[in-house]
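Going by this note's numbering, the first residue of the first sequence is number 87, and it counts up by one from there. We put the CB at the ideal spot given by N, CA and C, even for glycine. All remarks here apply to the structure that follows.
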Amino acid sequence: MTGRRKGEQAASGAAGTGTVPAVRTAAEGAAGSAQELEVRYNPADIEARWQERWAAQTGLYAAEPADCGKQKYYVLEMLPYPSGQLHMGHVRNYAIGDALARYMWMQGYNVLHPMGWDAFGLPAENAALKNNTPPREWTRSNIAAMKRQFIRLGMAFDWSTEVTTCLPDYYRWNQWFFLRMYERGLAYRRKSKVNWCPACATVLANEQVVDGCCWRHEDQRVEQRDIEQWFLRITNYAQELLDDLRTMDGWPEKVRTMQRNWIGRSEGAEIAFDIENPEDAPADEGKARRGGTAILPARDGAKTWGKVSVFTTRVDTIYGATSIQLAPEHPLVRQMAAGNAELAQSVAPLLEQQKQAREAGDVGAIEKHGVFTGYYAINPFNGERLPVWVGNYILLDYGTGAIMSVPAHDERDYEFAKKYGLEIRIVVLPRKVGGEAAQNGERESLLPYTEEDSLLINSGPFSSLGCQEAQHKMAAYAAEHGFGKAMVTYRLKDWGISRQRYWGTPIPMLYCETCGIVPVPESDLPVLLPENVEITQQGGSPLGKVPDFVNAVCPKCGGKARRETDTMDTFVDSSWYFYRYTDAKNDKAPFATETVAYWFPIDQYIGGVEHAILHLIYSRFWTKVMRDLGLVKNNEPVERLFTQGMVIKDGAKMSKNKGNVVSPDDMIARYGADATRMYSLFAAPPDRDLDWQEDGVAGVSRFLGRVYRFAAKHGDPAKRSKVPGTVASAASHALIRKLHQTIRRVTEDFGGRWHFNTDIAAIMELVNTLTAAEPQIAAGDIPDAVLAEILRTLTLLLAPFAPFLACELWEQIGESGNLLRAPWPEFDQALAKEEQIEIPVQINGKLRAVVRVDAEASEDMVRDAALANEKIAALLEGKEVVRMVLVPRKLVNIVIK
RNA sequence: GCCCGGAUGGCGGAAUCGGCAGACGCAGCGGACUUAAAAUCCGCAGGCCGCAAGGCCGUGGGGGUUCAAGUCCCCCUCUGGGCACCA
């Protein structure tokens with residue numbers, strides 16, 4: 087077993103509870119004669135002492151007021167859900183933010199580094215069900231436990247601005263915002279689908295649906311039910327949310343791309359097709375009509391049965407449309423099936439398939455099935471009559487819930503047409519294949535052909551136009567003739583916030599028997615979440631079973647009213663919590679506009695990449711709404727975003743849901759908080775996934791021990807001379823050079839790259855160089871002043887990563903001020919510079935030699951040095967030099983024949 | 001299925017702008033110290049061939065651009081995340 091066990095730490099800790107480092111003689115008997123004293127790095131002891139000292143300093147991590155004269159820096163990590171235990175993903179997230187906060191303090195900024203709890207949510211109700219603990223109690227004790235862990239980890243949070251979303255002083259503002267949005271028409275009510283378990287008689291979260299069945303009733307298939315729910319009109323902001331992504335260059339490109347795709351703007355056209363009355367069909371078409379696989383030619387004077395609008399991004403291919411496909415839930419399908427039992431029966435399985443795919447979360451991968459309705463729709467461009475089908479892959483909530491199917495030029499349509507034998511008609515060809523010249527066989531091989539840099543064929547008056555030009559002209563033509571128009575649609579949907587749950591913010595609405603929907607007056611806020619509610623996860627919304635809550639008086643007419651019993655999505659809580667930190671105790675408003683104006687936008691936001699879409703779009707939306715309400719002046723909440731990778735263990739995401747969690751407490755007990763935090767920064771670059779390996783923590787702990795022992799050994803001589811001395815020996819010159827190179831690397835990296843793993847490696851290299859110089863130190867080749875400067879700087883460099891040890895060293899080397907506010911060291915470019923550099927010499931791209939030259943050597947000098955090299959000279963003998971590539975300060979490549 | 005990432009020694013990773021592949025650490029091996037162990041310190045270490053000097057190969061696979069490719073381009077495989085009620 088490597089590493090120290092708890093018992094050992096306790097034993098040695100007891101030996102050194104004072105402020106003097108624990109010093110033990112190596113062995114009792116021989117100790118008298120042994121010169122060396124063994125100094126042991128004991129993180130449990132050091133960290134307990136500093137934790138106590140920090141706890142006694144109130145306001146240690148508090149931000150200063152706006153008029154302090156310093157530049158502000160708001161660094162924020164995503165707030166945790168209080169599950170009960172920090173996991174390693176948390177440790178990593180907060181270690182990154184904490185390092186940055188500490189660095190910015192040392193750079194002299196006024197730093198806001200707050201913390202809070204995303205305290206509403208489903209797990210509290212699950213826990214209530216399992217342990218019969220009220221969600222409030224469960225959450226409260228989890229918060230207490232996790233707060234202890236944060237403090238044990240030495241995280242520099244200002245707890246005076248702590249925000250807990252399940253408390254009325256926070257969630258009342260959710261309600262307040264909801265009312266503001268309702269007034270502005272941004273909150274509305276409509277029917278939408280939920281997962282329904284008939285056995286529980288309640289709504290299930292997606293997470294509670296396992297393979298299409300209820301998590302508590304394995305054999306009970308989950309149904310989709312339509313219920314009335316509240317929505318926020320995020321789609322009103324779709325274009326702005328999209329446009330602003332262009333300006334957000336402090337965000338990772340991948341997140342911007344994901345959001346761009348999520349918003350999914352597509353430009354196209356909406357085209358209305360008349361549907362022919364089937365009873366009006368000519369008798370001689372009976373046979374052709376039956377299968378619904380063929381297009382029927384245009385005919386005059388057909389009577390209209392109905393109309394269907396389709397949205398297409400490729401109106402230019404409309405002459406290639408060979409069917410119309412409707413979503414199974416499309417209202418027209420219901421009408422068609424009304425007097426047609428056979429159709430109703432065949433549509434039912436399509437509906438079912440789509441539901442199941444939706445539950446399984448792979449709607450896109452659905453095995454395509456379809457049914458012909460018996461109806462035909464008239465293509466307004468050429469009068470042709472297209473069979474109308476119902477397809478299980480058509481979704482009602484995207485576009486118009488109906489498409490024109492163009493098999494030749496759309497992959498999904500192609501697949502469907504092949505399967506059901508529908509016609510495939512080519513109307514677009516590549517420019518080079520072009521026109522009528524190409525043979526049909528050759529054309530077939532191109533299908534489905536979707537390139538837009540192409541030409542139209544067989545498209546009436548639009549033939550031979552380019553696709554894009556045709557799209558504009560055809561949309562204009564449709565508008566002119568009144569059957570369509572150019573249109574923009576978004577994939578983004580309005581945000582459904584109703585949850586049929588207990589542990590969330592009550593939605594402040596009332597339903598009056600006479601007045602209808604009535605908002606709760608602002609003066610009645612907060613609508614308090616009742617206590618002592620039995621959590622059964624059965625029989626509908628828990629609040630619906632609390633008569634005192636449900637029964638209310640209509641504020642308009644004084645009559646009987648029923649309170650809304652749904653609560654809000656917890657994403658509402660996390661959409662604006664970071665504003666509350668700036669003014670956490672305000673009981674008149676969610677926050678003061680001027681205070682927010684000082685602190686916002688957030689300079690650096692740090693969190694898991696799994697939040698790249700939902701949380702980060704909702705909170706952008708919320709900011710824009712608040713701006714329009716006049717509450718904030720910023721358009722966006724976050725200036726710079728950093729998405730950390732996940733912590734992986736044994737190939738799977740480490741998370742509370744997957745049960746492969748490594749306990750930080752265990753790591754801290756064995757290796758200390760510094761080593762645990764530092765390992766989480768050292769094991770991988772922060773934006774990549776991190777594979778947790780306990781041996782690595784032990785390695786970091788060993789490194790910290792080496793630093794500790796070096797300082798213990800040399801701290802005293804360093805104390806004796808704090809005046810920076812002149813560089814005497816070559817050895818001390820080399821140490822100073824390494825020191826300044828290290829400062830440069832770490833400082834530059836904090837500037838934006840954030841590869842803390844390489845910074846820590848650089849600090850390790852510095853320490854390796856130092857310990858390798860022990861003989862020179864012993865020989866007196868390194869002046870005390872140099873040693874003092876190195877130790878002092880090393881301590882400052884470690885401060886953001888290993889705060890406990892850094893504070894300990896700070897005192898050991900005779901410093902007394904607050905390390906948190908000690909100025910970050912500056913590097914001296916001249917001192918960091920190497921005098922000589924190595925230049926690799928290649929022949930035909932293969933490394934053959936390395937030459938040492940002066941760092942300032944000219945091109946000619948480098949060339950001469952390369953050619954003068956024995957090995958190079960030998961290899962060049964008798965060869966013709968075709969070319970010589972000289973890259974200043976990098977390499978020489980000699981190309982020979 | 002769609003969208004976004006990733007793949008480098010036995011392992012985690014480094015190489016920041018196309019310029020010495022493998023920094024730093026882990027595990028391993030050898031040595032020092034010790035009665036012994038732990039701890040600590042020193043050294044070795046991509047693969048293959050070779051006593052050595054040295055040579056060849058090598059960044060998931062295949063192709064391409066270039067004096068030069070882990071890095072740029074095209075195609076493919078595997079793998080992680082998200083997909084709107086987990087947070």
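For ASP940, no alpha helix (DSSP H) encloses it; the enclosing beta strand (DSSP E) starts and ends at 932 to 940. Looking at the DSSP output, CYS283 sits in a beta bridge with THR288. Contact between the segment 592 to 602 and the segment 437 to 444 is not established, with fewer than three Cβ pairs separated by less than 8 Å. In its chain, beyond the 5 residues on either side, LEU328, LEU331 have a beta carbon closer than 7 Å to the beta carbon of ARG346. By the Cβ-count criterion, MET267 is buried, with 16 or more other Cβ atoms from all chains shown falling within 10 Å of its own Cβ. Take GLY207, set aside five residues on each side of it, and the residues of its chain with a beta-carbon closer than 8 Å to its own are TYR167, TRP589, GLY590, THR656, in chain order.
Using a C-beta cut-off of 8 Å, the segment 841 to 858 makes no contact with the segment 945 to 958, since fewer than three inter-stretch Cβ pairs fall below that distance. In this structure, TRP910 keeps its C-beta atom at 9 Å or more from the C-beta atom of THR828. CA-to-CA, the gap between SER550 and ILE980 works out to about 55 Å. Assignment of ARG706 by DSSP, reduced to helix, strand and coil, places it in the helix class. Between the segment 873 to 886 and the segment 153 to 173 there are fewer than three inter-stretch CB-CB distances shorter than 8 Å, so the stretches are not counted as touching. When the five nearest sequence neighbours on each side are left out, the beta carbons in the same chain lying within less than 6 Å of the beta carbon of ASN720 are those of PHE686, PRO687, in order along the chain.
In the three-state reduction of the DSSP assignment, ARG969 falls in the strand class, which pools E and B. By the criterion of a C-beta distance shorter than 7 Å, LEU825 is surrounded in its chain by LEU852, ILE876, THR879, once the five residues flanking it on both sides are discounted. In the three-state reduction of the DSSP assignment, ASP499 falls in the helix class, which pools H, G and I. In terms of Cβ geometry, LEU146 and ALA230 do not form a close pair [threshold 9 Å]. Residue environment: LYS393 is assigned as exposed (fewer than 16 neighbouring CB atoms within 10 Å of its CB, all protein chains considered).
Inter-residue distance for LEU481 and GLY644 is about 44 Å (C-alpha atoms, whole angstroms). Only residues of its own chain outside the window of five on either side were considered, and among them PHE707, LYS710 have a CB closer than 7 Å to the CB of TYR323, listed in chain order. The distance from the Cβ of PRO676 to that of TRP259 is about 4 Å, consistent with a contact at the 8 Å cut-off.
Between ASP652 and LEU629, the C-beta spacing is below 9 Å. Assignment of ASP777 by DSSP, reduced to helix, strand and coil, places it in the strand class. Ranked by Cα distance from PRO435, the first of HIS455, GLN421, PRO417, ARG420 is HIS455. Residue CYS283 holds the alpha-carbon nearest to the alpha-carbon of GLN310 among ASP335, ARG270, CYS283. Per DSSP, the unbroken beta strand (DSSP E) holding PRO926 starts and ends at 922 to 929. When DSSP reads this structure, THR390 sits in a beta bridge with GLU362. Judged by beta-carbon spacing, LEU186 lies within the 9 Å limit of PHE836, meaning their Cβ atoms are closer than that value. Residue environment analysis places GLN157 among the exposed positions, since fewer than 16 neighbouring C-beta atoms fall within 10 angstroms of its C-beta. Assigned with DSSP and collapsed to three states, MET164 falls in coil, not helix or strand. ILE868 counts as buried, since no fewer than 16 other beta carbons sit within 10 angstroms of its beta carbon.
Assignment of VAL747 by DSSP, reduced to helix, strand and coil, places it in the coil class. About 16 Å separates the beta carbon of MET654 from that of ILE603, a gap too long to meet the 8 Å contact definition. Between the segment 180 to 194 and the segment 557 to 572 there are fewer than three C-beta pairs closer than 8 Å, too few to call the two in contact. In the structure shown, ARG517 falls within a coil segment according to DSSP collapsed to helix, strand and coil.
Cβ-Cβ separation between GLY477 and PHE458: approximately 11 Å, too far for a contact (criterion under 8 Å). Sequence-distant partners of THR399 (beyond 5 residues in either direction) whose C-beta falls short of 6 Å from its own C-beta, in its chain, are SER352, GLY354.
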